[in-house]
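Okay, structure first, notes after.
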Amino acid sequence: MGEGARLLAQADLQGVRLDAQVLLGCVVGMDRSHLLAYPERVLTSEQAQVYWSYIQRRCEHEPIAYIVGHKEFYGLDFVVDRRVLIPRPETEMLVEAALQEIARRLDQGQMPVVADIGTGSGAIPITIAVEEPRLPYIYACDISPTLLLLRVRIVHGIK
5 MGEGARLLAQ
15 ADLQGVRLDA
25 QVLLGCVVGM
35 DRSHLLAYPE
45 RVLTSEQAQV
55 YWSYIQRRCE
65 HEPIAYIVGH
75 KEFYGLDFVV
85 DRRVLIPRPE
95 TEMLVEAALQ
105 EIARRLDQGQ
115 MPVVADIGTG
125 SGAIPITIAV
135 EEPRLPYIYA
145 CDISPTLLLL
155 RVRIVHGIK
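Mapping of the sequence shown onto the working numbering: position 76 corresponds to residue 80, and the numbering continues sequentially without gaps.
Here's what the structure looks like:
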């Protein structure tokens, strides 16, 4: 992990130790706390190869979320790749404001219409659906039919 952090630092990246830990954790299937608690873990040759390929991608400034294939948003885990924008903290603020307005309208007996155009990762509509179960439906559309199919499968828990 130390060598990975050193290479990331040479690529002029910030937070290199955290990046190295996240990438290593992804490779071995452990979260950062387990990595820190059990630092003596030895990688198989396959794991080492994957780890170094991840480090190389990160050295080329590829976002961690694209490398590991997911991003946490509002306490939920979303599949992401280069076809979608990575959910950002600012988007959580947007969702929070939307949830407040939706709740206000529902409490007044209104049925708000919620739509996400260009849904990408699906973070906004899926989070709103999880957080506000009183909404009977939410519209979400995207130009990519394969992305929409993936989001439908995620919502319904289909692998």
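Where is the CB? At the ideal position from N, CA and C, for every residue including glycine.
{"Item": "Beta carbon proximity, G73 to chain C, threshold 8 Å", "Value": "Absent from the structure: chain C. Only one protein chain is present."}
{"Item": "For I90, three-class secondary structure by DSSP", "Value": "coil"}
{"Item": "Three-state secondary structure (DSSP) of E76", "Value": "strand"}
{"Item": "Distance CB(A107)-CB(Y143) smaller than 8 Å", "Value": "no"}
{"Item": "Rounded separation between V99 and R10 - CA only", "Value": "37 Å"}
{"Item": "Residue range of the unbroken beta strand (DSSP E) whose run includes A13", "Value": "Looking at the DSSP string, A13 is not in any beta strand (DSSP E); the run it does join, the alpha helix (DSSP H), is 6–14."}
{"Item": "C-beta atoms of I59 and L12 nearer than 8 Å", "Value": "yes"}
{"Item": "Residue of Y141, H65, A127, Q14 minimising C-alpha distance to P93", "Value": "A127"}
{"Item": "For D23, three-class secondary structure by DSSP", "Value": "helix"}
{"Item": "R138 CB to nearest heavy atom of the ligand FMN below 7 Å", "Value": "This structure does not include the ligand FMN; it has no bound ligands of any sort."}
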